[in-house]
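Chemist:
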Amino acid sequence: FGVTINEFYGQTECNMTVSSCQPLFANKPGAIGKPVFGHDVQIIDDHGNPTDGEGDIAVARGSASMMIEYWKRPEATQDKFRGHWMLTGDRGQWVDGYIQFIGRDDDVITTAGYRVGPAEIEDCLLTHPAVATVGVVGKPDPLRTEIIKAYVVLKSGVAPSEALQNELKKFVQERSAKHSYPREIEFLDALPMTVTGKVIRKDLRARAAQEVADG
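Just so it is clear: in the sequence shown, position 201 is 208 by my numbering, and no numbers are missing.
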């Protein structure tokens, strides 16, 4: 349509912290943008120090749009900060001066020593012609900590089968890192969704954990 789209990243506690802005710099595929002027945004480690590797996306105290506190919730306020930094609850990393979003901290899957964001696997599966909707979570595993499991809703007229499960696994293997493919795929009629159309991954994680408990 000839429209230039600039996306931005933020949250209620501190909005508009990272953005793309094509008049100022080129967009980088796979990145959410660069820190917006007026915000000191960093990727920090568990000790609150900036890191070049994967870490928590954090914003320095003092940003004009940052909350002061959670109303009458001092413990929640304390948990929101790590020293000088407000934690967004998201994981990310720097890529050539841009911030790449990996996933929500509680959504990131730890499998065989790797940390994998579910969104990248979901995005890959959604490009398969048989897939209508998908939710990816970590399922507890004694050997790998977690295995990647995908809950898939198929498009109308597509029949679930073991052959299709294997096809979808191979589909992801060929398009992403070898450790990022779902070792388990389960077909469902519907996924738990928010009113805004987002998959409720915590419900799927609970389902996966219950599967392990049930043996």
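Glycine included, every Cβ here is placed at the ideal spot set by N, Cα and C.
Count the other CB atoms, across all protein chains shown, that sit within 10 Å of the CB of V208; report buried if there are 16 or more and exposed otherwise.
Modeler: The sequence position of residue 208 within the sequence shown is 201, counting from 1. Per the sequence shown, residue 208 should be read as Arg rather than Val. Buried, by the Cβ-count rule.
Chemist: For D59, tell me which candidate among F44, F15, C21, R98 has the shortest Cα-Cα distance.
Modeler: Walking along the sequence shown from the start, residue 59 turns up at place 52. The residue with the shortest Cα to Cα distance from D59 is R98.
Chemist: Quick check on the burial criterion: 16 or more other C-beta atoms within 10 angstroms. Buried or exposed for F108?
Modeler: Your numbering for residue 108 matches position 101 in the sequence shown. Buried.
Chemist: At what residues does the alpha helix (DSSP H) containing K176 begin and finish?
Modeler: Here residue 176 refers to the residue found at position 169 when the sequence shown is read from its first residue. 169-180 is the span of the alpha helix (DSSP H), which, as asked, contains K176.
Chemist: How is the beta strand (DSSP E) around Q107 delimited, first residue to last?
Modeler: As a working mapping, residue 107 is identified with position 100 in the sequence shown. Run containing Q107: 105-111, per the beta strand (DSSP E) assignment.
Chemist: Specify the secondary structure class of D148 as computed by DSSP and reduced to three states.
Modeler: Sequence index remark: in the sequence shown, residue 148 carries index 141 (1-based). Three-state result, D148: strand.
Chemist: Below 7 Å CB to CB, which residues in the same chain sit around A38 once its five sequence neighbours on both sides are set aside?
Modeler: What you label residue 38 is simply residue 31 of the sequence shown in a count that begins at 1. These residues qualify, in order along the chain: V102, Y105, I106, Q107.
Chemist: Would you tell me roughly how many angstroms separate the C-alpha atoms of S72 and P42, rounded to the nearest one?
Modeler: Residue 72 sits at position 65 when you count from the first residue of the sequence shown. Residue 42 sits at position 35 when you count from the first residue of the sequence shown. Straight-line Cα distance between these residues: approximately 14 Å.
Chemist: I believe P125 touches V144 by the beta-carbon criterion, under 8 Å. Please report the beta-carbon distance rounded to the nearest angstrom.
Modeler: Numbered from 1 along the sequence shown, position 118 holds the residue referred to as residue 125. Numbered from 1 along the sequence shown, position 137 holds the residue referred to as residue 144. The beta-carbon distance between P125 and V144, rounded to whole angstroms, is 6 Å. This is short enough to meet the 8 Å contact definition.
Chemist: Measuring alpha carbon to alpha carbon, tell me which residue in L150, P57, P167, T152 is nearest Y158.
Modeler: Translated into the one-based positions of the sequence shown, residue 158 becomes position 151. Nearest C-alpha to Y158: P167.
Chemist: Do you know whose CA, among C28, Y121, G110, P149, lies nearest D130's CA?
Modeler: By one-based count along the sequence shown, residue 130 stands at place 123. Nearest option by C-alpha distance: G110.
Chemist: Measure the CB-CB distance between K146 and V219 and report whether it falls below 8 Å.
Modeler: Taking the sequence shown and counting its residues from 1, the one referred to as residue 146 is at position 139. Taking the sequence shown and counting its residues from 1, the one referred to as residue 219 is at position 212. The answer is yes: Cβ separation under 8 Å.
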